[in-house]
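Colleague:
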Amino acid sequence: MMRSTIKEMMTYNTLLFSCFLALTLSSLSIANAVTIEPKCSYDKEKMLELSPKAFDQNYEEGWPSLVKNGECLETAADLIHTYYTKNEISTGAMRTFVWHEGQLRAEVGQYQQAIRLMQQATKPADKDSSGWNHYVHATIAFLKSDMKQLRALREELASVPKPEGFNPKDANGNPIQVDWPPNLAIVDKFILCFGQPYSEAYGGCTKETQP
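Count along the sequence shown starting at 1, add 9, and that's the number in the working numbering.
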């Protein structure tokens, strides 16, 4: 009887251990499924098949769809890099893509990468009628913490003359008010918020965060 009882107890304990092990492994599987589920997932193949315009400007399907909530910035930057590396695109589109990747890199504090990318985003001087290059270099000066250069570039941008016949209109042909030159307000934010992270300065820092 004693041997039978011991055997039964061993069998019972083995069964309990087996159940415990099964439950543990099941719990780990569930935990792993949650952990490895990418928070910033997207359909890579579908993204890479988009036209350059749709990829950059479609806020529901292109890369901007990843950053709607202010998250997944680095993922979006990596995606942009992959897109223009894998696809043949025009010089103008490349300029746009490296600029946007650079902005995202700056947003997450990757300043050196951002600077290298932004340096590739300038236009030929004879094609720059809006002071774009001044804005690009002013942004780089901010990232380099060079206030002297930032102020000088601000003045160069502010002095860009408005082109003759500049009369912007909306989709219905109605005249609209557009500040001139473009991006001057952003450069002014860089000066006002100098010393703050790019992510805060670009949006305009509060009085509490101003240096």
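From the three backbone atoms N, C-alpha and C, an ideal C-beta is built for every residue, glycine too. Fair warning: this is a prediction, and the values are worked out from it, not measured in the lab.
1) Whole angstroms are fine: how far does the CA of Ile124 sit from the CA of Lys132?
2) Going by alpha carbons, who is nearest to Val187 out of Val196, Thr148, Lys171?
3) Let's see if you can read the secondary structure: which residues bound the alpha helix (DSSP H) around Ala85?
4) Touch check for the region 140–147 and the region 173–182: three-plus C-beta pairs under 8 Å?
5) For Ser74 and His146, what's the separation of their Cα atoms in angstroms?
6) Starting from Lys55, trace the alpha helix (DSSP H) in both directions and tell me its first and last residue.
7) Count the other CB atoms, across all protein chains shown, that sit within 10 Å of the CB of Ala134; report buried if there are 16 or more and exposed otherwise.
8) Mark Ala210 as exposed unless 16 or more other C-beta atoms lie within 10 angstroms of its C-beta, in which case mark it buried.
9) Would you please state the rounded distance, in angstroms, between the beta carbons of Val117 and Leu166? I believe it to be under 8 Å.
10) Count the other CB atoms within 10 Å of the CB of Ala42; is the residue buried (16 or more) or exposed (fewer)?
Modeller: If we stick to the structure as given:
1) For the pair Lys132 and Ile124, the Cα-to-Cα distance works out to about 16 Å.
2) Per the Cα distances, Lys171.
3) Looking at the DSSP string, the run of the alpha helix (DSSP H) that includes Ala85 is 82–95.
4) Three or more beta-carbon pairs separated by less than 8 Å are not found between the region 140–147 and the region 173–182, which leaves the two stretches without contact.
5) So the two alpha carbons sit approximately 28 Å from each other.
6) Lys55 -> alpha helix (DSSP H) spans 53–58.
7) Ala134 should be labelled exposed.
8) Looking at its Cβ environment, which holds 16 or more other Cβ atoms inside 10 Å, Ala210 is buried.
9) Contact flag wrong, Cβ pair sits at about 26 Å.
10) In this prediction, Ala42 scores a pLDDT of 31, lower than 50, which makes its location untrustworthy; the coordinate-derived value is nonetheless stated afterwards. Classified as exposed, Ala42 has fewer than 16 neighbouring CB atoms from the shown chains inside 10 Å of its CB.
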